[in-house]
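If you read the sequence shown in the working numbering, its first letter stands for residue 791, the second for the next number, and so on.
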Amino acid sequence: MVMANEQTGARARPADAPQSDGAPRRRPLHQRLGVRGGLAVLVVAGLWLWQLGLILRLRADVAQADAHAVQLERSLEVLQLESRLAAAYLEANVGNPESARLLASDFFTRLQEHVEGLAPEEAEPFRAVLRHRDDVITFLSRREPFAGQVLGELLFRFQAARSGRPVPPWTFSPDSSRTPTGGG
């Protein structure tokens, strides 16, 4: 399939004829692939980009779900703390000061751990509750009759701190010489 050049009379080589160095001459990609090949490449590239978009969207959703899970875990932890303090309050009021002391001690230990993971502005209301740790444990270990009332006041203050309300000043005072100090 040799064609003659009309002006020079030279023969032209077909597109796939060997070059002067003996290697066959390659046609451009668009000629080799044709329209169908080009469409196939576009479809594969489109599917790959679509899948990449799905993966990126999925990563964002997973990150959001992880953040939500952390928030739920913190909320659950705070509710468990409140339950421990409420249990200590109930135990003190039914005449079990030793059980109340153990529950209160556990409450304060776990509250301290919780506060360490918070930002300073979030932790301050809980630190106001922690300031009364020694007094509350002392009242319970001495079996003071007003220890249940002190735990009730502390529970009220903890609930205020948990809900984001300002922590009110300490109002309990059966005997001013033995009440917890530090209105914050």
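Virtual Cβ for every residue (Gly too), placed ideally from N, Cα, C.
Return the chain-ordered list of same chain residues with a C-beta closer than 7 Å to the C-beta of residue i, the five sequence neighbours on each side being excluded.
{"i": "Leu944", "result": "Leu875, Val919, His922, Val926"}
{"i": "Gly942", "result": "Tyr879"}
{"i": "Arg955", "result": "none"}
{"i": "Ser931", "result": "Arg891"}
Give me the Cβ distance between residue i and residue j, rounded to the nearest whole Å; I'm assuming they're in contact under 8 Å.
{"i": "Arg900", "j": "Leu871", "result": "6 Å"}
{"i": "Ala882", "j": "Gly938", "result": "4 Å"}
{"i": "Ala950", "j": "Phe916", "result": "No, Ala950 and Phe916 are not in contact; Cβ-Cβ is about 11 Å, not under 8 Å."}
Taking the beta carbon of residue i as the centre, do at least 16 other beta carbons fall within 10 Å, making it buried, or is it exposed?
{"i": "Val940", "result": "buried"}
{"i": "Arg891", "result": "buried"}
{"i": "Leu893", "result": "buried"}
Within the continuous alpha helix (DSSP H) that includes residue i, where are the two ends?
{"i": "Phe929", "result": "923-931"}
{"i": "Leu944", "result": "937-953"}
{"i": "Val919", "result": "910-920"}
{"i": "Val905", "result": "887-906"}
So, at 6 Å on beta carbons, what are the nonlocal neighbours of residue i in its own chain, with the 5 sequence-adjacent residues on each side left out?
{"i": "Glu903", "result": "none"}
{"i": "Arg947", "result": "Val919, Val957"}
Sorted by chain position, which residues of the same chain lie with C-beta nearer than 8 Å to residue i's C-beta, five sequence neighbours on each side aside?
{"i": "Val831", "result": "Leu823"}
{"i": "Ser895", "result": "Ile927"}
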